[in-house]
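Below is one structure, written out as structure tokens, with a few remarks after it.
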């Protein structure tokens, strides 16, 4: 006899599914066509458009996320895209990382369903999308979307490993290939791989011969993947191992723990009211079954150990180095959420309403996070601060060189822009592409001496106007337009 799910059960599934679709659409709307920023343009100019041989043999800066750039090179070649196409319509290249990010959501959905049921599947995706960390990197023309996808796949494989007696040959080959791909994308992903290897062994346990044999098989698979990655890096291995970005200093400094705190705080994205639910779920996991306890221990270790490895080594890794831990954070929170509301201890009505309230809270926290991030970034434009973290990046939200420069050209055709406070590979590249004349800031005195009106593109317009009025009281300045943007054109006229 066919079972017809109750309206309550259908609502429990449909509500989070609809919320996830809404969040995915909002992420694409906010970030899917953002103008390319400095690091992305540098990546395209010096690696992607130089061709395959340059990508695999040139590592003059760690900006070359090799495997990701190979995919970007293939994508641009497949669709015949050039730099001008991407400067005008960035979505044509952002579609690729967007598809990789959709794959990450799908893998986490599959992981949640496999280990915690259909509710776990949607909770995992909801937690991923309602935190703004993921969307800030989901469409980036860098190696992070690919890294998150591969890391999610490795976590799925490792969770399967915890419940199986042996590691099959296809499973071992898959983990070796995933390890190699993850390292060949970004070398610092080694912290994640090391944490996965350590925690899989600890969570699995060494009591039986089968357990010990399975652990040996897993570690050999990870080592084989590392060896393969080292072989792939052979043409540039010296530069990968020896550059200013991987230099180590004093170990266990206070900033290491501060960095960990900032990363985890931004992973939560203002969803801190979930903590009591999650803490209860993590505590309860051990009483549900031994496997659930192993899953929680494993995921917690994979999330936290990279911070310890970095502190022990004494490096000064930027926050985005730890972005790779986001899938582990999502799955750890999913395990806690599901465990807290697990039957039979929790009545069905309480479970259903708990799910609904927690989901609505995640949506509310998402809206607040978006507004809070915009406020912080706008404040940074006032305080002469260039934010670059996980949830706060100066090249998001207000960054709009296409709109600002196109409006300037419409209002003041054939005029020269004076360029202040710029990265070397963002605004100058846009202006050159638009064939807009511009001069560096040190030319401003000459223009003041011989012109009655000057036009200045600046990141910090309020500060520029204040300084201009103080140093040149005979001049008055105003904005080209009223919207907050980076860059922003200031029009100054002799009184």
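In my numbering, the protein residues as written are 626 to 1120. Ideal Cβ placement from N, Cα and C applies to all residues, glycine included.
Measuring CB to CB, does residue i end up less than 7 Å from residue j?
{"i": "residue 615", "j": "residue 1023", "result": "The structure shown does not extend to residue 615, since the chain is modelled only from 626 to 1120, so the question has no answer here."}
{"i": "residue 1044", "j": "residue 1082", "result": "yes"}
{"i": "residue 764", "j": "residue 719", "result": "yes"}
{"i": "residue 921", "j": "residue 910", "result": "yes"}
{"i": "residue 660", "j": "residue 1027", "result": "yes"}
{"i": "residue 961", "j": "residue 903", "result": "yes"}
{"i": "residue 582", "j": "residue 1114", "result": "Nothing in the structure corresponds to residue 582, since the chain is present only between 626 and 1120."}
{"i": "residue 691", "j": "residue 809", "result": "yes"}
{"i": "residue 959", "j": "residue 778", "result": "no"}
{"i": "residue 840", "j": "residue 829", "result": "yes"}
{"i": "residue 1130", "j": "residue 842", "result": "Outside the displayed range of the chain (626 to 1120) lies residue 1130, so it cannot be described from this structure."}
{"i": "residue 747", "j": "residue 641", "result": "yes"}
{"i": "residue 1119", "j": "residue 1077", "result": "yes"}
{"i": "residue 952", "j": "residue 819", "result": "no"}
{"i": "residue 712", "j": "residue 1034", "result": "no"}
{"i": "residue 1128", "j": "residue 944", "result": "Outside the shown range of the chain (626 to 1120) lies residue 1128, about which nothing can therefore be said."}
{"i": "residue 804", "j": "residue 850", "result": "yes"}
{"i": "residue 813", "j": "residue 800", "result": "no"}
{"i": "residue 771", "j": "residue 693", "result": "yes"}
{"i": "residue 986", "j": "residue 865", "result": "no"}
Which residue wins for smallest C-alpha separation from residue i, given the options the options?
{"i": "residue 722", "options": "1029, 768, 757", "result": "768"}
{"i": "residue 956", "options": "639, 690, 751, 699", "result": "751"}
{"i": "residue 742", "options": "1098, 964, 840", "result": "964"}
{"i": "residue 652", "options": "698, 945, 935, 753", "result": "753"}
{"i": "residue 826", "options": "941, 818, 815, 844", "result": "844"}
{"i": "residue 1085", "options": "1004, 1099, 997", "result": "1004"}
{"i": "residue 701", "options": "1070, 670, 977", "result": "670"}
{"i": "residue 816", "options": "1000, 942, 688", "result": "942"}
{"i": "residue 894", "options": "990, 766, 981", "result": "990"}
{"i": "residue 939", "options": "954, 1072, 878, 832", "result": "878"}
{"i": "residue 1108", "options": "1098, 802, 1029, 977", "result": "1029"}
By the DSSP assignment, the beta strand (DSSP E) with residue i in it spans what residues?
{"i": "residue 704", "result": "Residue 704 -> no beta strand (DSSP E), and no H or E assigned at all."}
{"i": "residue 1063", "result": "1063 to 1065"}
Just to confirm the assignment, what range does the alpha helix (DSSP H) spanning residue i have?
{"i": "residue 1046", "result": "Counting along the chain, residue 1046 falls outside any alpha helix (DSSP H), and DSSP gives it neither H nor E."}
{"i": "residue 795", "result": "794 to 810"}
{"i": "residue 732", "result": "716 to 755"}
{"i": "residue 590", "result": "Here the chain covers residues 626 to 1120 and nothing more, so residue 590 does not appear."}
{"i": "residue 671", "result": "663 to 671"}
{"i": "residue 1129", "result": "Because residue 1129 is not part of the residues shown, which for the chain are 626 to 1120, the question remains open."}
{"i": "residue 1053", "result": "1052 to 1058"}
{"i": "residue 778", "result": "769 to 788"}
With a threshold of 7 Å on Cβ separation, who are the neighbours of residue i within its own chain once the five nearest residues in sequence on each side are excluded?
{"i": "residue 1088", "result": "1009"}
{"i": "residue 695", "result": "677, 680"}
{"i": "residue 925", "result": "957"}
{"i": "residue 1037", "result": "1080"}
Note down, in chain order, each residue of its chain lying with its Cβ closer than 6 Å to the Cβ of residue i, except the 5 sequence neighbours on either side.
{"i": "residue 774", "result": "725, 728, 729"}
{"i": "residue 706", "result": "717"}
{"i": "residue 1011", "result": "1019"}
{"i": "residue 853", "result": "805"}
{"i": "residue 858", "result": "865"}
Spatial neighbours of residue i within its chain, please: CB distance less than 8 Å, with the 5 preceding and 5 following residues excluded, ordered by chain position.
{"i": "residue 932", "result": "881, 882, 884, 885, 888, 947"}
Is residue i near the ligand SAM, with its Cβ less than 6 Å from a heavy atom?
{"i": "residue 825", "result": "Annotation note on the ligand SAM: not contained in the displayed structure, which lists no ligands."}
Next item on the list: Please list the segments of the alpha helix (DSSP H) lying wholly inside the stretch 950 to 1009, counting only runs of 4 or more residues, in order along the chain.
Entry: The qualifying runs are 951 to 965, 973 to 1007.
Note to self: At 4 residues or longer, what runs of the alpha helix (DSSP H) sit wholly inside the stretch 1081 to 1108?
What the structure shows: The stretch 1081 to 1108 contains, as complete alpha helix (DSSP H) runs of 4+ residues, the segments 1086 to 1096 (chain order).
Margin query: What ranges does the beta strand (DSSP E) occupy inside the stretch 883 to 924, keeping only unbroken runs of at least 3 residues that lie completely in it?
Written below: Correct list: empty.
Checklist line | Runs of alpha helix (DSSP H) lying entirely within the stretch 830 to 870, each at least 4 residues, in chain order | finding: The DSSP assignment places complete alpha helix (DSSP H) segments of no fewer than 4 residues inside the stretch 830 to 870 at 834 to 857, 862 to 866, in order along the chain.
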